[in-house]
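Asks: The structure follows.
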């Protein structure tokens, strides 16, 4: 990546744009970190430290937070080449007053203390919003979330449907569904009614999207009511995922909610991995599996994230052809600089610019929005410089306008916020 | 992309090379556009405009051309980031006297009028050839094309075999085949004879290649004569594609024609898409499906295009190992700058340079040859600069010679023109 | 690739690091070339020349070496754009006093004579070690190699297990196994004992790794003893590959040897190709096939090479999550500059740096270690400059330290040499 004055200027201009972050896992009741343990407990650090040799003993609940932080920091000299380490360094510098070049074990206690003090400020949440220039951030809410106790204008609800689709065969799911909707699901009609109640609840509370993560082999299919009945009555609700998914797409259509698809994750591949550090993928998947879906729901907007960069060309092509398919951010294993650079360059030269949702943080704590978006803006500035400004296609001002579209305008238009 | 003086010099030198375009869909009886509607009716514009929100109402036959053009141009501010918009801007500047920075609705009528006037010139076809430095261009002819009424030295015939391979089960195909060959196909022998007559006709008219586009799942297999007989007599000519394809490869061998394979397209994925804007793909395909074919026909040259950039490494490796496999241009969803840059760099550092067919326009109207090749030459100049000149591997003159090989020499040698 | 002073400085610094090459096919009893025929007989040259049109007649045993060399060199003007030609040019310049810009037929005899004289020097092997700054190099030994007659400190033995896994159904394999272990394999217990004897022999002789190359479809599975018995007694030892592989992994665990997996090759795809120039691949493969293996052997280190760059993201992600999976070098069809640059950039920004085994030569003759590592170091220097030094993430000295880790430190630590 060049870091000349053009890129610096573009980065600086892009940094002034207030952010609307369209996907995160923030808990709006505990949106910011209480201690450095909340920061370094993020699975990226526990899994990199573990992958580099750290025993999982340090992650046990009974280990004091300070000790756990020490252990994760102690291993940083094994993974301080990674983008994720870079996010932490950015957090340490921006929020915790760190001024060194590299974080090592010697810094662990100082940083822990600084975090304790900093995060204890009564207006810390407000400070993070201000420093991040964050305006709104989307949540990912379980279907029975009461969505109470927070400002839904700032923390935008989003209905996560993984449990409904993939765990309806668990009695606990059906119990929770009955508890929050008053509907005992026993056939297609009652499931439809339960979903309607959920969507009603969520949209009344200001939800702006529905979302789901899907395994590489997933293939949505509409099921007829008889099939639902048969499976529910005689097969313990098994094997209903494709059909429940399809019914949720119908609800998205009826309630005019975009349906975020996050495609490609295999859960629990590394069975003894750290918490949230067990999931991987099979690159052999295709958007052709969604052909029927995209055709059947022309009125539903599908912002699509793919887990692998190799699938980005499919995402580009499907977004270029289907009006209702949009490329959405850079997810997980594709959320590092080389993949973002490649995937973004491919998208921004081939997909209508009004359809490009540039980025989301996927953050669990608000402090991560800033370093993740900073990384993205640097890469976006580089791509704008290389593909548009240097070849004389766009002026600097127009390039910033294009970047603004990816960072903000399209989020507002697509999700109607 | 850098745009320094080295790249500018290389681009300029490459721009002087007269072109032989080895693949297009030009109608030699109507090779140039009559109105701007012919330009913007190209599926890239209708599909991008539709993908960005344009209703298909504007594409109906009864809508006046001027209105349709306005509608497509009106949506350009949603897709003016794309490479395809760049081609149109190039056409407007080069052929229509456009001098602005960006084309918007305000320009639609002026451009429409300019096109009407410009395209009406009696020597317009000649002018386009001259401005494009175009020497010859390959066609893609249906099997029953009489190949009459045009100069086959300039418009080089090429036998397209998609219909023969994939639609022999339609009575209409067999009727057309009988009409142009005098042979009623009823078994392997008569099919062989019909093909021989077609190849005779085409080669006598100066055809220099045979071509076909293939779905990702396609696997060529030789069928024995009994199997042909059985399927033709008792199963309505169904499921014969692998065997007919194989027999066409035999004809290519016997008539010494290269066989262009364009691998990877799924037809009609977006069923309600615009004309020619319905096809997509499944990235899960492999050249291993062509193992038997490449082994069985050492004397047939197979210029291969792949639809996805992820398959480019297979194309590189198969071309590096098999003498009869050659990488051919940058097709469709891989014909944008990031994919060309990547795929070209991978090919030019690993495949013998005498086997690299750099580019083809795939154009439906001659006006598109210039902007598409201009894009390619800029990318080729960049790759030559980065991989060969800057590291001191080649002098500028030698780099231009290498570029000339990709742009022209190999087309002449491979297709014997 | 930029070739500015930063990259030049980094390349120069990296060139001072003594090499430990963790994978080669060197015959320690004939480690260096005797004639230019040994150099140009390397499959890269025979296959590129053949792919570019050279008949295989020149490769027959009865053809004099000088003539064969002439023929291969004569075709170089068809493939002098390739990275492999670059290695040969480097060899000619470094070892044979060549001073020209490009090697053509006119140079063949001079180079042949120079090679004859140069390679005949009694200390030639020593000279190559010195010029290459080579300290140790790993071998790939057949299971019945006596490992005698060479210094195993310099030429580090490595147990190649392809034959054991994939050819146990050949009586010849079992005969050889019985001959070197004294064990007639007839069931799981005797196979286990034979393997134990092999591992004992190899580790006593200083072996530091076990290795195997695997087809894209391979899926390791543990077989129970009954299944071994059944297949061995009643089915001629057929279909045992997954289970034998699994048992070898158990031996790696018991004898604490890393197990190099080289994933993705299909053998004999081009059936009439030159010697060692017949193998290709099917891109449709996934590391998910190794899920059970990686989970079952947490104590075995698996340095993994993948044949295709598209699979690199899987390798990055699996290495980031599994402590026992490490990315290992750049193999075969991915061992050219564009793929190395891409795959290295993806790895070095996401996988803990202590897990990155940067490169191996895969060489058959020692003279190739130098040009291959030179290519890699230039690419590594570029990546370090672009991803770390220019963006201000690392100082030049720290970048060199990171490069040293990939080139040397990790080889020492992972393989305990």
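Protein chains in written order, with my numbering: chain W, 1 to 417; chain D, 1001 to 1417; chain F, 2001 to 2417. Ideal Cβ placement from N, Cα and C applies to all residues, glycine included.
Taking only three categories from DSSP, how would you classify residue 110/W?
Replies: One-based indexing of the first chain puts residue 110/W at position 110. Note: residue 110/W maps to helix in three-state DSSP.
Asks: Excluding five sequence neighbours on each side, which residues of the same chain lie with their C-beta closer than 6 Å to the C-beta of residue 1299/D?
Replies: Walking along the second chain from the start, residue 1299/D turns up at place 299. Same-chain partners within the cutoff: 1253.
Asks: Once DSSP output is grouped into helix, strand and coil, what is the label at residue 2054/F?
Replies: If you number the third chain from 1, residue 2054/F lands on position 54. In the structure shown, residue 2054/F sits in coil (DSSP, three-state: anything other than H, G, I, E or B).
Asks: Does the stretch 1107 to 1120 of chain D come close enough to the stretch 1017 to 1029 of chain D to have 3 or more Cβ pairs within less than 8 Å?
Replies: no
Asks: Distance cutoff 8 Å, beta carbons only. Does residue 377/W sit that close to anything in chain D?
Replies: As a working mapping, residue 377/W is identified with position 377 in the first chain. Not an interface residue.
Asks: Taking Cβ positions only, does residue 355/W come closer than 8 Å to chain D?
Replies: For the purposes of this step, residue 355/W is taken as residue 355 along the first chain, with counting starting at 1. Yes, because at least one Cβ of chain D sits closer than 8 Å to the Cβ of residue 355/W.
Asks: Determine the extent of the beta strand (DSSP E) in which residue 2020/F is found, giving its start and end residues.
Replies: Taking the third chain and counting its residues from 1, one reaches residue 2020/F at position 20. Counting along the chain, the beta strand (DSSP E) containing residue 2020/F begins and ends at 2019 to 2021.
Asks: Per the contact definition of three or more C-beta pairs closer than 8 Å, is the stretch 279 to 299 of chain W in contact with the stretch 2280 to 2288 of chain F?
Replies: yes
Asks: When you check each C-beta in the stretch 290 to 306 of chain W against every C-beta of chain D, which residues fall closer than 9 Å?
Replies: Cβ contacts with chain D come from 291, 294, 295, 298.
Asks: CA-CA distance, residue 422/W and residue 72/W?
Replies: The requested residue 422/W is not part of the displayed model; chain W covers only 1 to 417.
Asks: Just the Cα atoms here: how many angstroms apart are residue 294/W and residue 2022/F?
Replies: Numbered from its first residue, the first chain carries residue 294/W at position 294. Numbered from its first residue, the third chain carries residue 2022/F at position 22. Their backbone Cα atoms lie some 49 Å apart in a straight line.
Asks: Would residue 150/W pass as an interface residue toward chain D - the criterion being a Cβ-Cβ separation below 8 Å?
Replies: As a first step, residue 150/W must be located in the first chain, where it is residue number 150. Closer than 8 Å: no.
Asks: Can you check whether the C-beta of residue 426/W is within less than 8 Å of a C-beta belonging to chain D?
Replies: Here chain W comprises residues numbered 1 to 417, so residue 426/W is not present and cannot be evaluated.
Asks: With a threshold of 8 Å on Cβ separation, who are the neighbours of residue 1408/D within its own chain once the five nearest residues in sequence on each side are excluded?
Replies: Working through the second chain from its first residue, we reach residue 1408/D at position 408. Around residue 1408/D: 1017, 1018, 1019, 1020.
Asks: Residue 98/W to residue 124/W, Cα distance in whole Å?
Replies: Within the first chain, numbered from 1, the residue matching residue 98/W stands at position 98. Within the first chain, numbered from 1, the residue matching residue 124/W stands at position 124. Approximately 18 Å, taken between the alpha carbons.
Asks: With 16 as the cutoff for other CB atoms within 10 Å, does residue 2149/F come out buried or exposed?
Replies: Along the third chain, read from residue 1 onward, the residue named residue 2149/F stands at position 149. The residue is exposed, with fewer than 16 neighbouring Cβ atoms inside 10 Å.
Asks: Answer with buried or exposed for residue 1235/D, where buried requires no fewer than 16 other C-beta atoms within 10 angstroms of its C-beta.
Replies: Taking the first residue of the second chain as position 1, residue 1235/D is located at position 235. With fewer than 16 Cβ atoms within 10 Å of its Cβ, residue 1235/D is classed as exposed.
Asks: Please name the residue or residues paired with residue 2247/F in a DSSP beta bridge.
Replies: Walking along the third chain from the start, residue 2247/F turns up at place 247. DSSP lists no partner for residue 2247/F.
Asks: Can you list the alpha helix (DSSP H) stretches of 4 or more residues lying completely in the stretch 1060 to 1084 of chain D, in chain order?
Replies: 1065 to 1074, 1076 to 1079
Asks: In angstroms, rounded to a whole number, what distance separates the CA positions of residue 374/W and residue 403/W?
Replies: For the purposes of this step, residue 374/W is taken as residue 374 along the first chain, with counting starting at 1. For the purposes of this step, residue 403/W is taken as residue 403 along the first chain, with counting starting at 1. Going by the C-alpha atoms only, they are around 13 Å apart.
Asks: Can you find the residues in the same chain that come closer than 7 Å, C-beta to C-beta, to residue 2400/F, ignoring five residues on each side of it along the sequence?
Replies: Here residue 2400/F refers to the residue found at position 400 of the third chain. So the list reads 2010, 2013, 2014, once near-sequence residues are dropped.
Asks: Just to check my reading of the structure: residue 307/W and residue 334/W have Cβ atoms closer than 8 Å, yes? What is that Cβ distance to the nearest angstrom?
Replies: In the first chain, the residue the question calls residue 307/W occupies position 307. In the first chain, the residue the question calls residue 334/W occupies position 334. Going by Cβ atoms, the distance from residue 307/W to residue 334/W rounds to 6 Å, so yes, they are a contact pair.
Asks: State buried or exposed for residue 2225/F, treating a residue as buried only when at least 16 other CB atoms are found within 10 Å of its CB.
Replies: The residue given as residue 2225/F occupies position 225 in the third chain. Label assigned to residue 2225/F: exposed.
Asks: So is residue 2310/F buried or exposed if we call it buried at 16+ other beta carbons inside 10 Å?
Replies: Here the question's residue 2310/F lines up with position 310 in the third chain. Burial call: buried.
Asks: Which residue marks the beginning of the beta strand (DSSP E) containing residue 260/W, and which one marks its end?
Replies: The residue labelled residue 260/W in the question sits at position 260 within the first chain. Note, residue 260/W: beta strand (DSSP E), 259 to 263.
Asks: Answer yes or no: does any C-beta atom of chain D fall closer than 8 Å to that of residue 2160/F?
Replies: By one-based count along the third chain, residue 2160/F stands at place 160. It does not: the Cβ of residue 2160/F has no partner Cβ on chain D nearer than 8 Å.
Asks: For residue 42/W, which three-state DSSP category applies?
Replies: Within the first chain, the letter at position 42 stands for residue 42/W. Correct three-state label for residue 42/W: coil.
Asks: Report the residue from 2217/F, 2140/F, 2290/F, 2053/F whose alpha carbon sits nearest the alpha carbon of residue 1351/D.
Replies: As a working note, residue 1351/D is residue 351 in the second chain. Nearest of 2217/F, 2140/F, 2290/F, 2053/F to residue 1351/D, Cα basis: 2053/F.
Asks: Which runs of the beta strand (DSSP E) spanning at least 3 residues fall entirely within the stretch 1263 to 1323 of chain D, listed in chain order?
Replies: 1302 to 1306
Asks: Give the DSSP bridge partners of residue 2091/F, in chain order.
Replies: Reading the third chain from its first residue, position 91 is the one you call residue 2091/F. Partner(s): none; residue 2091/F has no beta bridge.
Asks: Can you find the residues in the same chain that come closer than 6 Å, C-beta to C-beta, to residue 2405/F, ignoring five residues on each side of it along the sequence?
Replies: Here the question's residue 2405/F lines up with position 405 in the third chain. Sequence-distant partners of residue 2405/F (beyond 5 residues in either direction) whose C-beta falls short of 6 Å from its own C-beta, in its chain, are 2353.
Asks: Taking residue 1075/D as the reference, give the member of 1101/D, 1152/D, 1047/D with the closest Cα.
Replies: For this step, residue 1075/D is matched to residue 75 along the second chain. The residue with the shortest Cα to Cα distance from residue 1075/D is 1047/D.
Asks: By the 10 Å Cβ neighbour count, where 16 or more other Cβ atoms means buried, how is residue 2122/F classified, buried or exposed?
Replies: The residue given as residue 2122/F occupies position 122 in the third chain. Exposed, by the Cβ-count rule.
Asks: Among 2158/F, 2030/F, 2147/F, 2178/F, which one has its Cα closest to the Cα of residue 2119/F?
Replies: The residue you call residue 2119/F lines up with position 119 of the third chain. Of the candidates 2158/F, 2030/F, 2147/F, 2178/F, the one whose C-alpha sits nearest the C-alpha of residue 2119/F is 2030/F.
Asks: In chain F, which residues lie with their C-beta within 9 Å of the C-beta of residue 37/W?
Replies: Within the first chain, numbered from 1, the residue matching residue 37/W stands at position 37. By Cβ distance, chain F contributes nothing, its closest Cβ being about 21 Å from residue 37/W, past 9 Å.
Asks: Hey, does residue 396/W have any beta-carbon neighbour from chain D nearer than 8 Å?
Replies: Working through the first chain from its first residue, we reach residue 396/W at position 396. Judged by the 8 Å Cβ criterion, residue 396/W is not in contact with chain D.
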